[in-house]
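Working notes, beginning with the structure itself.
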Amino acid sequence: MNAILTVIGKDQVGIIAQVSQVLAKHQVNILDVSQTLMKDNFVMMMLVAIPEGSNFNTISTALTKLGDQLQLEINMRNAKLYDAMHTI
């Protein structure tokens, strides 16, 4: 299953590394990534592939916990939701 991961918050060293570490721990592959800085705010969107048999909620919870630790808003949603929003 593909998912969209968003990360928003105050810029700090190691955001991409720490998010990637959580994803790697769960064997999640990063398919595409875009990130930018808006003043002091870090904004990143990733398209990721979650392996079959992996628990989406477990991965999402791990990312939310990381977000809490880093004071970032980290959300992961099934990519099908985004596809449906853009389909007429």
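Residue numbering for the sequence shown follows my numbering, beginning at 14 and increasing consecutively.
By construction, the Cβ of each residue, glycine as well, lies at the ideal position given by its N, Cα and C atoms.
In the structure shown, residue 45 adopts extended strand secondary structure according to DSSP, grouped into three states. Using a Cβ distance threshold of 7 Å, residue 24 and residue 44 do not count as a contacting pair. With distances taken between CA atoms, residue 56 lies nearest to 47 out of 62, 47 and 84. Less than 7 Å separates the beta-carbon of residue 92 from that of residue 17. Just measuring C-alpha positions, the residue of 79, 85, 54 and 68 sitting nearest residue 14 is 68. As DSSP reads the structure, residue 22 sits in a beta bridge with 55 and 85.
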